[in-house]
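Everything on this sheet refers to the single structure shown next.
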Amino acid sequence: MAQQVGSTSGPAPAAREAEAAPGGASGVAGAGWPEPVSTGDGQSGTTGSVSVTSSKSTTSSNVGKSGRVRGWLRRTPPSAAVTVPAAPSVVAAGPDLDLASNDPLVGYLLSAASAVDITGLQLQSPALKALHAAGVVLVVPLISSGSLVGLLSLGPRRSERGYSTDDLRLLNSLAGYAAPAMRVGQLVRQQQAEARQRERIEQELKIAQIIQQQFLPKQLPDLPSWHVAAFYRPARTVGGDFYDFIPLPDGRVMFVVGDVTDKGIPAALVMASTHALLRDAAPRLVSPGKVLGHVNEMLCVDIPAHMFVTCLALVLDPVSGEVVFANAGHDVPYVRTQGGVAELRARGMPLGLMPGMDYEERRFQFEPGDCALLHSDGLAEAHAPDREMFGFPRVSALVGKGPSGEALIDLCLTELGSFTGPNHEQEDDITLVSLQRSPSAWHQGDPEFEGDQGGV
Numbered sequence: 501m502a503q504q505v506g507s508t509s510g511p512a513p514a515a516r517e518a519e520a521a522p523g524g525a526s527g528v529a530g531a532g533w534p535e536p537v538s539t540g541d542g543q544s545g546t547t548g549s550v551s552v553t554s555s556k557s558t559t560s561s562n563v564g565k566s567g568r569v570r571g572w573l574r575r576t577p578p579s580a581a582v583t584v585p586a587a588p589s590v591v592a593a594g595p596d597l598d599l600a601s602n603d604p605l606v607g608y609l610l611s612a613a614s615a616v617d618i619t620g621l622q623l624q625s626p627a628l629k630a631l632h633a634a635g636v637v638l639v640v641p642l643i644s645s646g647s648l649v650g651l652l653s654l655g656p657r658r659s660e661r662g663y664s665t666d667d668l669r670l671l672n673s674l675a676g677y678a679a680p681a682m683r684v685g686q687l688v689r690q691q692q693a694e695a696r697q698r699e700r701i702e703q704e705l706k707i708a709q710i711i712q713q714q715f716l717p718k719q720l721p722d723l724p725s726w727h728v729a730a731f732y733r734p735a736r737t738v739g740g741d742f743y744d745f746i747p748l749p750d751g752r753v754m755f756v757v758g759d760v761t762d763k764g765i766p767a768a769l770v771m772a773s774t775h776a777l778l779r780d781a782a783p784r785l786v787s788p789g790k791v792l793g794h795v796n797e798m799l800c801v802d803i804p805a806h807m808f809v810t811c812l813a814l815v816l817d818p819v820s821g822e823v824v825f826a827n828a829g830h831d832v833p834y835v836r837t838q839g840g841v842a843e844l845r846a847r848g849m850p851l852g853l854m855p856g857m858d859y860e861e862r863r864f865q866f867e868p869g870d871c872a873l874l875h876s877d878g879l880a881e882a883h884a885p886d887r888e889m890f891g892f893p894r895v896s897a898l899v900g901k902g903p904s905g906e907a908l909i910d911l912c913l914t915e916l917g918s919f920t921g922p923n924h925e926q927e928d929d930i931t932l933v934s935l936q937r938s939p940s941a942w943h944q945g946d947p948e949f950e951g952d953q954g955g956v
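Numbering (the numbering used here), first residue to last: 501 to 956.
Written out as structure tokens, the structure is:
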């Protein structure tokens, strides 16, 4: 037995001395070494340290012999390297299992809620077929909060004996601890994946926002005797509102304000297409009605279902103060005049709904001091906490109060903030463009005024 504990290359030195000693000394030496015990995995181990008191139990009638035996016991045996057999390198690999939520095996395991011997189990289950093909005989479900989060799959035992009741109890206990931990791990990985996805989407939205900002005018038009101001705020990172100032060949300028249904990325894409079409058609066609008609025909071909564009096109002659405008279902502009607030109304269907539409053109003469507000529905259709709508009458009243340019835009935004409250989440994109003719401007078409100027 000392040979099993000592070096495997030959008899242990202590054992060789014991064989040479007379008087049953080998028996004493055998009692001095620990007995090998089974570790449960087929390897041998030892019970503990060696006790030298075991030699006192040996009796001898020859005093010299017993002295020699005690002397032999007191000698320290040379250290022998203890070689422990290495555990076999075995990597357990379960089957590549794709367990669908509607697989019959899922319901069976949830109802069993403990280790299941699947050798005789018959179900119309692809997962069960894969387990059988992989040689799995025992499956332990990992259940957390009533959901199956994983499986422990075991093949047959190497001893070719079945799994005992104690084995099953141990496996079920292990599953009870492993399932919550696995569920937490799954939730952490899911949250990490969602965080990466959100970060990627935010990055893409920032790029889209930069691209959309390139479509907005870099600067306001410099028109003698006119003051122009503009404001744009999307409800999300990107939006569907747009405005532009398109120079025309004859010195006039086309003012454009539009709104695409919906918000976010889809609206921004349609907005980009509409803006490009308007930019292309305006210098060629000049007439606001013809421009809207052309853009409508082009959008009807490619615009996504249930989407359309409202748009106001207004051509300004900065010298005479006359405007020609057409409206494709957009919010009516308001103009503050000496006689009150006027509305610039013209009939027309939104762009992209129906082909073959005609757009009515109307004219309006700006007098010195007149101020117009072109706006999108993000202002008038905003709601208070009690769901009351800001409304077009309020917008009209704000235009008639007297401020112009940036002051008028600031007044609209201030009143809107007071109406909706501090914690209001913006419902829609807001676009505001103010156009005012200077009070000191003279009417080129007024002969009486021209005559007075000539007499000075």
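Ideal Cβ placement from N, Cα and C applies to all residues, glycine included.
Go to residue i, then tell me how far its beta strand (DSSP E) extends in each direction, as first and last residue.
i: Gly650; result: 647-654
i: His875; result: 871-875
i: Pro752; result: At residue 752 the sequence reads Arg, which differs from the Pro that was named. Unbroken run through Arg752: none, as it is neither H nor E.
i: Pro855; result: Run containing Pro855: none; DSSP gives neither H nor E here.
Should residue i go down as buried or exposed, given a rule of 16 or more other Cβ atoms within 10 Å for buried?
i: Asn827; result: buried
i: Ser918; result: exposed
i: Met854; result: exposed
i: Ser625; result: buried
i: Ala695; result: exposed
i: Pro885; result: exposed
i: Ser653; result: buried
i: Gln838; result: exposed
i: Val684; result: exposed
i: Ser673; result: exposed
i: Ala781; result: buried
Going straight from the alpha carbon of residue i to that of residue j, what length do you get?
i: Ser644; j: Ala678; result: 9 Å
i: His924; j: Ala880; result: 15 Å
i: Asn796; j: Leu778; result: 10 Å
i: Arg894; j: Ala772; result: 31 Å
i: Gly869; j: Arg733; result: 27 Å
i: Phe731; j: Gly905; result: 10 Å
i: Pro656; j: Pro766; result: 57 Å
i: Gly530; j: Leu671; result: Note that Gly530 has pLDDT 36, beneath the 50 cutoff, so the model's placement of it is unreliable and the number below is only indicative. In a straight line, the C-alpha of Gly530 is about 40 Å away from that of Leu671.
i: Arg887; j: Asp928; result: 15 Å
i: Val933; j: Ile909; result: 8 Å
i: Val841; j: Tyr834; result: 6 Å
i: Met857; j: Leu911; result: 37 Å
i: Leu792; j: Gln691; result: 48 Å
i: Ser938; j: Pro903; result: 13 Å
i: Glu702; j: Ser725; result: 43 Å
i: Pro783; j: Ile710; result: 26 Å
i: Ser601; j: Thr619; result: 22 Å
i: Pro717; j: His727; result: 16 Å
i: Ala805; j: Val760; result: 13 Å
i: Asp877; j: Gly758; result: 10 Å
Measuring CA to CA, which of the options is closest to residue i?
i: Leu748; options: Asp858, Leu844, Val815; result: Val815
i: Thr810; options: Thr619, Met889, Thr837, Thr931; result: Thr931
i: Glu843; options: Leu851, His632, Ala600, Ala872; result: Ala872
i: Phe715; options: Phe864, Asp744, Ser896, Leu851; result: Asp744
i: Gln719; options: Thr665, Ala729, Pro850, Ile710; result: Ala729
i: Ser896; options: Asp831, Gly646, Pro641, Gly764; result: Asp831
i: Gly676; options: Arg689, Gln686, Leu642, Thr665; result: Leu642
i: Leu851; options: Glu822, Leu913, Val770, Leu935; result: Val770
i: Gly789; options: His806, His775, Pro804, Met754; result: Met754
i: Gly646; options: Ile707, Ser611, Val639; result: Ser611
Please report the residue range of the alpha helix (DSSP H) in which residue i lies.
i: Gln865; result: No alpha helix (DSSP H) holds Gln865; the beta strand (DSSP E) holding it covers 861-865.
i: Ile909; result: 906-920
i: Ser896; result: 892-899
i: Pro604; result: 604-612
i: Leu631; result: 626-633
Kindly say whether residue i, judged by its beta-carbon, lies nearer than 7 Å to any beta-carbon of chain C.
i: Val639; result: In the displayed structure, chain C is absent; only one protein chain is listed.
Could you tell me which uninterrupted beta strand (DSSP E) segments, each at least 3 residues in length, are contained entirely in the region 778-849, listed from first to last along the chain?
809-816, 822-828, 834-837, 840-843
**Request:** Go through the region 716-749 residue by residue and report every complete run of the beta strand (DSSP E) that reaches 3 residues or more, in order.
**Result:** 726-733, 741-747
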